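Chemist: What follows is a single structure, and I will ask about it in a moment.
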Amino acid sequence: MYRYIDMLKKMNYMAINNGDIPVSCIILKDNLIISKAYNKKYKNNNPLDHAEIIAIKNACKKLKTTNLMDCTMLVTLKPCDMCKELIKEVRLKNVYYILDKNKKVNDTTNYIKINESEDYFAKELVSFFRDKR
């Protein structure tokens, strides 16, 4: 575990040198590192460039699958809600984190359901997944 912690420290240092938030992530499969990343949100001016998201994208590409249930994630900060949803989507088995997240997130967005064409879009989704499976 210590060698992984040392790698996370090095990646955090690289994030800081790039003017970004020091959060790093490693994804393991069979105790081998298959992906690693650090935050690039500010460097790339992209709110999606969290360490976890970049690491997941790289792992999926390397393994040629969107199912990472045989993998484990190590991350320096407990994942935010956005990253947690992606972690669920790719079915990561375990996520180990070092720090709890204490920051309050902007929660001023209003979500308003519209019912226009609801039946059309529901049927479209059902049809798509029926054809996929």
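Each residue of the sequence shown is one higher than the last, beginning at 91 in the numbering used here.
The C-beta atom is built at its ideal place from N, Cα and C for all residues, glycine as well.
Keep in mind it's a predicted model, so treat the numbers as computed, not measured.
1) Cβ atoms of Ala141 and Cys115: under 8 Å apart, would you say?
2) Excluding the 5 residues flanking Met101 on each side, which residues of the same chain have their C-beta closer than 6 Å to its C-beta?
3) Whose C-alpha, out of Lys119, Leu153 and Ile106, is nearest the C-alpha of Lys133?
4) Compute the Euclidean distance between the alpha carbons of Ala212 and Arg223, then round it to the nearest angstrom.
5) For the beta strand (DSSP E) that contains Ser125, what are its first and last residues?
6) For the structure I just gave you, are there three or more beta carbon pairs, one from the segment 148 to 158 and one from the segment 198 to 218, closer than 8 Å?
Modeler: Taking the structure as given:
1) Yes. Within cutoff.
2) Exclusion of the five residues before and after Met101 leaves Ser114 and Tyr128 as the residues of its chain whose Cβ lies within less than 6 Å of its Cβ.
3) When only C-alpha atoms are compared, the closest one is Ile106.
4) Going from the Cα of Ala212 to the Cα of Arg223 covers about 17 Å.
5) Element bounds for Ser125: Leu122 to Tyr128.
6) Not touching, per the Cβ criterion.
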